[in-house]
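Chain order of the listed sequences is C and H.
Those letters in the first sequence? Residues 83 to 464, per our numbering, in order.
Those letters in the second sequence? Residues 16 to 174, per our numbering, in order.
The beta carbon of each residue, even a glycine, is placed where N, CA and C say it ideally should be.
Remember, it's a predicted structure, so these values are computed and weren't measured experimentally.
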Amino acid sequence: MPKNVAIIASGQTNHTSRRKDVNIPEMIREAVDRALTDAELTIDDIDAVVIGNMEHFEGINLSDMWASEGSGAVMKPCMKIATGGTTGTSVAAGAYYHCASGLFDTVLAIGWEKLSESDTTAGIITAFDPIVERLTLAGAIGGLAIEANLYMTTYGLSQEHFAKAAVMARKNAQNNPHAHLKHDLTVEMVLNSPMIAYPIHYLDMCPTSDGACAVIFASEDRARRLCPRPAWIKAAVCRHNHPYIGDVWWDRSTLESAAIEAYKIAGITNPRKELDVIELYDPASYALVAWIQHLHICGPGEGGKLIDDGSITMEGDIPVNPSGGVISTNPIGATALIRVAEAALQIQGKAGARQVEGAKTALATGFGGSYWNEVFILSDRL
Amino acid sequence: MNQEPLEKPLYINLHARLPYAYSAGRYVSRFLIALRDECKILATKCERCSIVLTPPRLVCNQCYGPMKEFVEVGPQGRLATFSVINFPFIDPFTGVERPVPYGYAIIQLDGCSNRFPHFLRETDLSRLRIGQRVQAVFKPDGERTGAVTDISHFEIIEP
Ligand SMILES: [Zn+2]
Chain C
83 MPKNVAIIAS GQTNHTSRRK DVNIPEMIRE AVDRALTDAE LTIDDIDAVV
133 IGNMEHFEGI NLSDMWASEG SGAVMKPCMK IATGGTTGTS VAAGAYYHCA
183 SGLFDTVLAI GWEKLSESDT TAGIITAFDP IVERLTLAGA IGGLAIEANL
233 YMTTYGLSQE HFAKAAVMAR KNAQNNPHAH LKHDLTVEMV LNSPMIAYPI
283 HYLDMCPTSD GACAVIFASE DRARRLCPRP AWIKAAVCRH NHPYIGDVWW
333 DRSTLESAAI EAYKIAGITN PRKELDVIEL YDPASYALVA WIQHLHICGP
383 GEGGKLIDDG SITMEGDIPV NPSGGVISTN PIGATALIRV AEAALQIQGK
433 AGARQVEGAK TALATGFGGS YWNEVFILSD RL
Chain H
16 MNQEPLEKPL YINLHARLPY AYSAGRYVSR FLIALRDECK ILATKCERCS
66 IVLTPPRLVC NQCYGPMKEF VEVGPQGRLA TFSVINFPFI DPFTGVERPV
116 PYGYAIIQLD GCSNRFPHFL RETDLSRLRI GQRVQAVFKP DGERTGAVTD
166 ISHFEIIEP
């Protein structure tokens, strides 16, 4: 049987487009220091470090070695986990497994990226089959655009629905001191911004950010001793996918499969009622609209309705991305860990101006690779 | 010594040229040679569940069964979905910006179970819709090298 595990603390940098003032280890150190301060611990209290970023983005492949002084991993067990967009949820899962196994009591999970240091789209293309699929790929944007087009066509939605999601996310981001983009947008501004890859406009897309996130996981005994209100991990589920874009199809969703399994483990039968807040990995505005159905918060094609009727705004019954989400902040290796950290902050009641009042159960997702997903469910009680 | 943090730390540009070489493997090699020598798109058929997948491969992506039989698919099909790419980015094949706009098509080839991504010549959105018939256009004899670029693009064959 796995041991119970909780998140007891987290720290983030103030994510922005270009952190020229720090190098990679210095940037990571900022997030780690903030997490340790939050937990009232020192690096000596950390038993192991799990760290990850997106390989190829900075041209540094042995990032766990390169960053070991910033991460605090020197003379400790350290494991790098790199799964692309899901790296953040994978390092969270790695830290969770470390503690749940009973082998470690206090584990530091770190996700980071400095996207300003190379070409993000070129970096993403190198993740795919060099002989068959790199030729036509336009990184994440092209891959997302083809799903957005299919979703829009299948359910008869308009680009306006996606624009509304972009407006909502950037508005939520204004409450988050760590968020990158906090613009006051209108639907017209989104629709009038350049069409970068049909049907995705410039303002529909996530930014490229520099930033790091650090989260401290602890076994049950340690969590109870160290933290008055830990965020307990109820489920952590991963679903990978086929390697080729041509093999993936959206009638078989890795997000839905992971969510169903996570609900089963966490004992959730009515997610719309039982979840208080969702941190969804939304790389573009359409994803926020389209992927809610895979979490069984609404029926097929009804994501647009949830935006229209306010259900998923901060005032709604199930706010999605109080943090502003990925389309407001995207240091890729940190991005999915930020979803988990933000979900934990909500459970801990430490989310400040973006706090969902009385949040007790939260869901966080990570998205990456060839449309694969990871789902976490956190709760205030075991 | 001045102990204040630097106002403007240095920012260093590095341009690396790193050559790579990849083994295409037995299955994909046969696929590439058929493109080059016969202008044919090959797929493999699963012995167990009969699914047909391109590019050809050793193992079925649905039932993990062996794929031994090569079959021809296409060269016509339907637009399963598409986009028109307008933003500039570095092409890791060439190290320089890929020309835009270009049509990005996900094609359901006739006789094939999965889909095939390639370039679409048409970039006028008013002339594109999901479900349209398309056809592969091969490069002329003498210009094909045994690469997916031996198909230069797909073109729309119905309005
Ligand atoms: Zn099969």
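Residue-chain proximity (residue i, chain H), Cβ-Cβ < 8 Å
{"i": "N231 of chain C", "result": "yes"}
{"i": "K102 of chain C", "result": "yes"}
{"i": "T447 of chain C", "result": "no"}
{"i": "H324 of chain C", "result": "yes"}
{"i": "Y368 of chain C", "result": "no"}
{"i": "G328 of chain C", "result": "yes"}
{"i": "M161 of chain C", "result": "no"}
{"i": "D201 of chain C", "result": "yes"}
{"i": "M277 of chain C", "result": "yes"}
{"i": "I414 of chain C", "result": "no"}
{"i": "G141 of chain C", "result": "yes"}
{"i": "I360 of chain C", "result": "no"}
{"i": "I207 of chain C", "result": "yes"}
Residue i CB to nearest heavy atom of ligand 1 below 7 Å
{"i": "R252 of chain C", "result": "no"}
{"i": "R421 of chain C", "result": "no"}
{"i": "C181 of chain C", "result": "no"}
{"i": "C127 of chain H", "result": "no"}
{"i": "R63 of chain H", "result": "yes"}
{"i": "I66 of chain H", "result": "yes"}
{"i": "G80 of chain H", "result": "yes"}
{"i": "Q428 of chain C", "result": "no"}
{"i": "Q147 of chain H", "result": "no"}
{"i": "C75 of chain H", "result": "yes"}
8 Å Cβ cut-off: residues of chain C touching residue i
{"i": "N28 of chain H", "result": "Those do not exist, as N28 of chain H stays about 10 Å from chain C at its closest Cβ, beyond 8 Å."}
{"i": "L140 of chain H", "result": "Y280"}
{"i": "T164 of chain H", "result": "L217"}
{"i": "P81 of chain H", "result": "Residues of chain C passing the Cβ test: none, with the nearest at roughly 17 Å."}
Local conformation of residue i per DSSP, three classes
{"i": "M82 of chain H", "result": "strand"}
{"i": "T236 of chain C", "result": "helix"}
{"i": "D462 of chain C", "result": "coil"}
{"i": "E456 of chain C", "result": "strand"}
{"i": "I27 of chain H", "result": "coil"}
{"i": "K85 of chain C", "result": "coil"}
{"i": "S198 of chain C", "result": "helix"}
{"i": "Q430 of chain C", "result": "helix"}
{"i": "Q77 of chain H", "result": "coil"}
{"i": "L144 of chain C", "result": "coil"}
Residue j beta carbon less than 8 Å from that of residue i
{"i": "A247 of chain C", "j": "V371 of chain C", "result": "yes"}
{"i": "V43 of chain H", "j": "P70 of chain H", "result": "yes"}
{"i": "I110 of chain C", "j": "P132 of chain H", "result": "no"}
{"i": "R216 of chain C", "j": "F108 of chain H", "result": "yes"}
{"i": "L197 of chain C", "j": "P413 of chain C", "result": "yes"}
{"i": "K60 of chain H", "j": "V86 of chain H", "result": "yes"}
{"i": "D125 of chain H", "j": "V88 of chain H", "result": "yes"}
{"i": "P404 of chain C", "j": "A433 of chain C", "result": "yes"}
{"i": "Y280 of chain C", "j": "G383 of chain C", "result": "no"}
{"i": "I133 of chain C", "j": "K162 of chain C", "result": "yes"}
{"i": "A344 of chain C", "j": "A317 of chain C", "result": "yes"}
{"i": "Y117 of chain H", "j": "F97 of chain H", "result": "no"}
{"i": "Q375 of chain C", "j": "G385 of chain C", "result": "yes"}
{"i": "I298 of chain C", "j": "S172 of chain C", "result": "no"}
Partner residues on chain H for residue i, Cβ-Cβ distance less than 8 Å
{"i": "R216 of chain C", "result": "P107 and F108"}
{"i": "A227 of chain C", "result": "S98, I100 and Y119"}
Listed by chain order, chain H residues near residue i by CB distance under 9 Å
{"i": "Y453 of chain C", "result": "Near Y453 of chain C there are no residues of chain H at all, since even the closest Cβ is about 12 Å away, more than 9 Å."}
{"i": "I223 of chain C", "result": "S98, I100, F102 and F104"}
{"i": "P212 of chain C", "result": "Y35, Y37, P107 and F108"}
{"i": "A220 of chain C", "result": "S98, I100, F102, F104, R113, V115, Y117 and Y119"}
{"i": "A204 of chain C", "result": "F104, I105, D106, P107 and G110"}
Minimum Cβ-Cβ distance from residue i to chain C less than 8 Å
{"i": "T96 of chain H", "result": "yes"}
{"i": "P71 of chain H", "result": "no"}
{"i": "A31 of chain H", "result": "yes"}
{"i": "R130 of chain H", "result": "yes"}
{"i": "V43 of chain H", "result": "yes"}
{"i": "P24 of chain H", "result": "yes"}
{"i": "F134 of chain H", "result": "yes"}
Where residue i meets chain H, residues with beta-carbon distance less than 7 Å
{"i": "T235 of chain C", "result": "I145"}
Where residue i meets chain C, residues with beta-carbon distance less than 7 Å
{"i": "N17 of chain H", "result": "Per Cβ cutoff of 7 Å: no residues; N17 of chain H is ~17 Å from chain C at best."}
Proximity test, residue i beta-carbon vs ligand 2 heavy atom, cut-off 7 Å
{"i": "R142 of chain H", "result": "Absence of ligand 2 is noted for the structure shown, with ligand 1 being the only ligands found."}
Neighbour list for residue i in chain C, Cβ cutoff strictly below 9 Å
{"i": "V174 of chain H", "result": "Correcting the residue type first, residue 174 of chain H is Pro in the shown sequence and not Val. Neighbours of P174 of chain H on chain C: none; closest Cβ ~17 Å, over 9 Å."}
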